[in-house]
Amino acid sequence: MSLDPTMRATIILAAALHDVGKLTLPARLWTSSAPLPRRERCLAQRHSVRGHALLRDLDPPVAQLVADAALTHHEAWDGSGYPGGLCGTEIPLVGRMVGLCDVYSALREARPYKQSVSHADAVEMLTAPDPALRTHRGMFDPDLLSIFLAAGTQVQAAFESPPGDADGSWRHLMQTAVRGRAVCADRSTAV
Ligand SMILES: [Fe+2]
């Protein structure tokens, strides 16, 4: 995928800030070791709208992309995502990119309620045809998913190597998305 340097830098920024809305919500939502009850899950899902509200007043044109990523990184290609239930190319490209990296890295990370999985298992979960799974192939832009899977070695290295290689590649985007989510989860409101 070919992107000009300005667009690339903006997408990196969008990846870093995609979960910033979590800062406005209680920390318990991200630290629970049990599945959240429906009401709490709905509250947690508000982080995308809250993030958009925080970012939309940045200077354009950066604001549009960065705020779009915050708002749409949980939308799904098949319309099963949130908050808007957008389908296909209704979802901005930056939201599709950040969302894919976000899901991959979430699968690879240990959480209070689940263990981490290997790269191979994460790929299997990204591409499984069963729509009943929490993650499934239909969630993702098929062209973007193909590019992502073709870059499998880079993607795996991005997740498993220390940060610092700011080259704007998948590796950099992945590391930025991981750090952005971790920082926001750590600093969200302790209630
Ligand atoms: Fe998120």
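Position one of the sequence shown corresponds to residue 4 (our numbering), numbered consecutively onward.
Built from N, CA and C at the ideal position, the CB exists for glycine as well.
Please read these numbers as outputs of a predicted model, since none were measured by experiment.
- Arg42 sits exposed, since fewer than 16 C-beta atoms from the chains shown fall within 10 Å of its C-beta.
- By the C-beta criterion, the region 30-39 is judged not to be in contact with the region 53-62, since fewer than 3 inter-stretch pairs fall below 8 angstroms.
- Here the alpha carbons of Gly91 and Lys25 stand approximately 25 angstroms from one another.
- Using a C-beta cut-off of 8 angstroms, the region 115-125 makes no contact with the region 96-105, since fewer than three inter-stretch Cβ pairs fall below that distance.
- Contact check between the region 58-78 and the region 15-25: three or more CB pairs, one atom from each, fall below 8 angstroms, which counts as touching.
- Under the DSSP assignment, Ile14 falls in the alpha helix (DSSP H) whose first and last residues are Pro8 to Leu20.
- Counting the other CB atoms within 10 Å of its CB gives Thr75 a total of 16 or more, which places it among the buried residues.
- Annotated as distal: Ala72 and Val52, with beta-carbon spacing of 8 angstroms or more.
- Within the chosen limit of 7 angstroms, ligand 1 reaches the beta carbon of Ser51 through at least one heavy atom.
- For Leu6, the number of other beta carbons within 10 angstroms of its own is below 16, and it is reported as exposed.
- Relative to ligand 1, even the nearest heavy atom lies 7 angstroms or more away from the CB of Asp71.
- Cα atoms of Ala161 and Val126: separation of roughly 14 angstroms, rounded to the nearest angstrom.
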